[in-house]
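Numbering (the numbering used here), first residue to last: 30 to 231.
All C-beta atoms, glycine included, are put in the ideal place defined by N, C-alpha and C.
Bear in mind the structure is a predicted one, so any value in this text is a computation, not a measurement.
Take a look at the structure set out below.
This is the structure:
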(Lines of atoms letter the chains of each structure in order from A and count residues from 1; the text may use other names and numbers.)
(Lines give C-alpha, C1' and ligand atoms only; values in the text may rest on other atoms or scores of the structure.)
Protein backbone atom coordinates (compact mmCIF):
# COMPACT_ATOMS: atom_id res chain seq x y z
CA UNK A 1 0.00 0.00 0.00
CA UNK A 2 2.91 2.37 0.70
CA UNK A 3 4.05 2.05 -2.92
CA UNK A 4 0.62 3.19 -4.11
CA UNK A 5 0.76 6.12 -1.71
CA UNK A 6 4.18 7.03 -3.11
CA UNK A 7 2.71 6.97 -6.62
CA UNK A 8 0.03 9.39 -5.45
CA UNK A 9 2.56 11.56 -3.63
CA UNK A 10 4.65 11.86 -6.78
CA UNK A 11 1.54 12.76 -8.79
CA UNK A 12 0.28 15.40 -6.37
CA UNK A 13 3.74 16.89 -5.78
CA UNK A 14 4.18 17.41 -9.53
CA UNK A 15 0.74 19.01 -9.68
CA UNK A 16 1.45 21.27 -6.70
CA UNK A 17 4.80 22.29 -8.19
CA UNK A 18 2.96 23.47 -11.31
CA UNK A 19 0.57 25.52 -9.18
CA UNK A 20 3.48 27.08 -7.28
CA UNK A 21 5.23 27.86 -10.56
CA UNK A 22 2.06 29.42 -11.96
CA UNK A 23 1.74 31.58 -8.83
CA UNK A 24 5.46 32.25 -8.36
CA UNK A 25 5.01 36.04 -8.41
CA UNK A 26 2.93 35.76 -5.23
CA UNK A 27 4.98 33.08 -3.45
CA UNK A 28 7.75 33.93 -0.98
CA UNK A 29 8.57 30.37 0.14
CA UNK A 30 12.29 29.70 0.51
CA UNK A 31 14.61 27.46 2.50
CA UNK A 32 14.98 28.69 6.05
CA UNK A 33 11.67 30.58 6.27
CA UNK A 34 9.85 27.81 8.18
CA UNK A 35 6.87 29.90 9.32
CA UNK A 36 4.59 27.11 8.10
CA UNK A 37 6.47 24.68 10.36
CA UNK A 38 5.67 26.60 13.55
CA UNK A 39 2.65 27.12 15.79
CA UNK A 40 0.38 24.62 14.05
CA UNK A 41 -1.25 21.19 14.53
CA UNK A 42 0.08 19.48 11.36
CA UNK A 43 -2.64 16.95 10.40
CA UNK A 44 -1.10 13.60 9.41
CA UNK A 45 -2.71 10.34 8.35
CA UNK A 46 -1.40 6.90 9.29
CA UNK A 47 0.23 6.29 5.91
CA UNK A 48 1.81 9.75 5.89
CA UNK A 49 3.30 8.99 9.30
CA UNK A 50 4.62 5.68 8.01
CA UNK A 51 6.59 7.48 5.31
CA UNK A 52 7.66 10.22 7.70
CA UNK A 53 9.08 7.65 10.11
CA UNK A 54 10.94 6.02 7.24
CA UNK A 55 12.57 9.40 6.74
CA UNK A 56 13.32 9.67 10.44
CA UNK A 57 15.04 6.26 10.38
CA UNK A 58 17.30 7.47 7.57
CA UNK A 59 18.66 10.36 9.65
CA UNK A 60 22.03 10.24 11.36
CA UNK A 61 22.07 9.67 15.11
CA UNK A 62 22.78 13.30 16.08
CA UNK A 63 19.76 14.61 14.16
CA UNK A 64 17.59 11.76 15.44
CA UNK A 65 18.51 12.72 18.99
CA UNK A 66 17.47 16.33 18.35
CA UNK A 67 14.14 15.24 16.87
CA UNK A 68 13.48 12.87 19.78
CA UNK A 69 14.26 15.65 22.25
CA UNK A 70 11.89 17.98 20.40
CA UNK A 71 9.12 15.35 20.52
CA UNK A 72 9.53 14.80 24.27
CA UNK A 73 9.49 18.55 24.96
CA UNK A 74 6.32 19.02 22.87
CA UNK A 75 4.58 16.08 24.55
CA UNK A 76 5.44 17.55 27.96
CA UNK A 77 3.95 20.92 26.94
CA UNK A 78 0.89 19.17 25.55
CA UNK A 79 0.34 17.34 28.82
CA UNK A 80 0.46 20.67 30.66
CA UNK A 81 -1.80 22.41 28.12
CA UNK A 82 -5.24 23.06 29.59
CA UNK A 83 -7.63 24.43 26.98
CA UNK A 84 -7.99 25.51 23.35
CA UNK A 85 -6.03 24.24 20.37
CA UNK A 86 -2.58 22.91 21.14
CA UNK A 87 -0.09 24.23 18.60
CA UNK A 88 3.63 23.59 18.45
CA UNK A 89 6.69 23.75 16.21
CA UNK A 90 7.24 20.67 14.06
CA UNK A 91 9.70 18.39 15.90
CA UNK A 92 11.44 17.62 12.61
CA UNK A 93 12.40 21.26 12.14
CA UNK A 94 16.12 21.61 12.88
CA UNK A 95 17.72 25.07 12.59
CA UNK A 96 14.69 26.25 10.59
CA UNK A 97 15.15 23.49 8.00
CA UNK A 98 13.00 20.37 7.59
CA UNK A 99 15.14 17.32 8.42
CA UNK A 100 12.85 14.90 6.54
CA UNK A 101 11.86 17.14 3.61
CA UNK A 102 11.53 14.39 0.98
CA UNK A 103 9.31 12.40 3.35
CA UNK A 104 7.02 15.25 4.44
CA UNK A 105 3.24 14.96 4.34
CA UNK A 106 0.60 16.43 2.07
CA UNK A 107 -0.20 19.42 4.30
CA UNK A 108 3.47 20.44 4.19
CA UNK A 109 3.63 20.16 0.41
CA UNK A 110 0.52 22.22 -0.27
CA UNK A 111 0.96 25.01 2.26
CA UNK A 112 1.54 28.42 0.74
CA UNK A 113 -1.10 28.21 -1.98
CA UNK A 114 -4.63 29.53 -1.59
CA UNK A 115 -7.05 26.63 -1.17
CA UNK A 116 -10.62 26.51 -2.44
CA UNK A 117 -13.41 25.97 0.11
CA UNK A 118 -14.27 22.42 1.17
CA UNK A 119 -16.62 20.96 3.76
CA UNK A 120 -14.27 22.11 6.53
CA UNK A 121 -13.87 25.67 5.25
CA UNK A 122 -16.61 27.81 3.74
CA UNK A 123 -14.22 30.39 2.34
CA UNK A 124 -10.99 30.36 0.37
CA UNK A 125 -8.15 29.48 2.73
CA UNK A 126 -5.42 32.09 2.59
CA UNK A 127 -1.99 31.02 3.91
CA UNK A 128 -1.45 32.77 7.25
CA UNK A 129 2.01 33.95 6.16
CA UNK A 130 0.14 36.40 3.93
CA UNK A 131 -0.42 38.54 7.03
CA UNK A 132 3.30 38.56 7.72
CA UNK A 133 4.09 40.16 4.35
CA UNK A 134 4.71 36.91 2.51
CA UNK A 135 2.57 34.77 0.15
CA UNK A 136 -0.16 36.75 -1.61
CA UNK A 137 0.34 39.75 0.70
CA UNK A 138 0.59 42.03 -2.34
CA UNK A 139 -2.98 41.23 -3.40
CA UNK A 140 -4.92 40.23 -0.26
CA UNK A 141 -6.81 42.98 1.53
CA UNK A 142 -6.31 42.20 5.25
CA UNK A 143 -9.59 43.93 6.11
CA UNK A 144 -11.65 41.53 4.00
CA UNK A 145 -9.31 38.51 3.65
CA UNK A 146 -10.09 38.63 -0.06
CA UNK A 147 -8.15 39.36 -3.22
CA UNK A 148 -8.27 43.07 -3.97
CA UNK A 149 -8.62 43.94 -7.66
CA UNK A 150 -7.10 47.34 -6.92
CA UNK A 151 -4.07 45.81 -5.22
CA UNK A 152 -3.68 43.26 -8.03
CA UNK A 153 -3.70 45.95 -10.72
CA UNK A 154 -1.05 47.89 -8.81
CA UNK A 155 1.34 44.93 -8.87
CA UNK A 156 1.59 44.89 -12.66
CA UNK A 157 1.67 41.08 -12.53
CA UNK A 158 0.06 39.43 -15.56
CA UNK A 159 -0.86 36.12 -13.92
CA UNK A 160 -3.91 36.51 -11.72
CA UNK A 161 -3.81 35.25 -8.13
CA UNK A 162 -5.68 31.96 -7.96
CA UNK A 163 -6.91 29.41 -5.44
CA UNK A 164 -6.76 25.65 -5.99
CA UNK A 165 -8.39 22.45 -4.78
CA UNK A 166 -5.53 21.82 -2.35
CA UNK A 167 -7.12 21.73 1.10
CA UNK A 168 -5.95 18.84 3.29
CA UNK A 169 -9.41 17.26 3.29
CA UNK A 170 -9.50 17.29 -0.52
CA UNK A 171 -5.96 15.96 -0.94
CA UNK A 172 -6.63 13.06 1.45
CA UNK A 173 -10.16 12.20 0.33
CA UNK A 174 -11.76 8.80 -0.27
CA UNK A 175 -11.78 9.59 -3.97
CA UNK A 176 -7.98 9.73 -3.88
CA UNK A 177 -7.85 6.41 -2.03
CA UNK A 178 -10.02 4.75 -4.66
CA UNK A 179 -8.10 6.12 -7.64
CA UNK A 180 -4.67 5.20 -6.25
CA UNK A 181 -5.77 2.07 -4.34
CA UNK A 182 -4.52 2.76 -0.82
CA UNK A 183 -5.91 3.98 2.51
CA UNK A 184 -4.77 7.07 4.39
CA UNK A 185 -5.98 5.55 7.65
CA UNK A 186 -6.60 7.54 10.82
CA UNK A 187 -5.85 11.26 10.75
CA UNK A 188 -4.78 13.37 13.70
CA UNK A 189 -2.26 16.06 14.68
CA UNK A 190 1.27 14.80 14.11
CA UNK A 191 2.34 14.97 17.75
CA UNK A 192 -0.52 12.69 18.81
CA UNK A 193 1.06 9.85 16.83
CA UNK A 194 3.91 9.92 19.36
CA UNK A 195 1.72 9.69 22.44
CA UNK A 196 1.66 6.38 24.29
CA UNK A 197 -1.94 5.15 24.69
CA UNK A 198 -2.93 5.08 28.35
CA UNK A 199 -3.56 1.30 28.25
CA UNK A 200 0.04 0.75 27.08
CA UNK A 201 1.69 2.79 29.80
CA UNK A 202 3.67 0.98 32.47
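Mind checking which residues open and close the beta strand (DSSP E) that includes residue 165?
From DSSP, residue 165 is part of no beta strand (DSSP E); its letter is neither H nor E.
Which whole-angstrom value describes the C-beta separation of residue 42 and residue 114, a residue pair presumed to lie in contact below a C-beta threshold of 8 Å?
Not quite, the Cβ-Cβ distance comes to about 28 Å (not below 8 Å), so this is no contact.
Which listed residue (82, 194 and 92) has its alpha carbon closest to that of residue 48
194
So, does the segment 182-190 touch the segment 50-65, judging by three or more C-beta pairs under 8 Å?
yes
Outcome for residue 126 when other beta-carbon atoms lying within 10 angstroms are tallied against a minimum of 16
exposed
Counting beta carbon pairs with one atom in the segment 207-214 and one in the segment 158-172, are three or more of them shorter than 8 Å?
no
Does residue 195 come out as helix, strand or coil in the three-state DSSP assignment?
coil
Note down the Cα distance separating residue 104 from residue 112, rounded to an integer number of angstroms.
15 Å
In this structure, how does DSSP classify residue 127 when only helix, strand and coil are distinguished?
Per DSSP, reduced to three states, the secondary structure at residue 127 is strand.
Where do the N-terminal and C-terminal ends of the alpha helix (DSSP H) with residue 139 fall, by residue?
135-139
Could you have a look at residue 186 and say whether DSSP puts it in helix, strand or coil?
coil
Please classify residue 151: does DSSP put it in a helix, a strand, or coil?
coil
Between which two residues does the beta strand (DSSP E) holding residue 217 run?
216-218
Given this structure, state the Cα-to-Cα distance separating residue 152 from residue 175, to the nearest angstrom.
10 Å
For residue 155, which residues from the same chain have a beta carbon less than 8 Å from its beta carbon, with the 5 sequence-adjacent residues on both sides left out?
143, 165, 169 and 174
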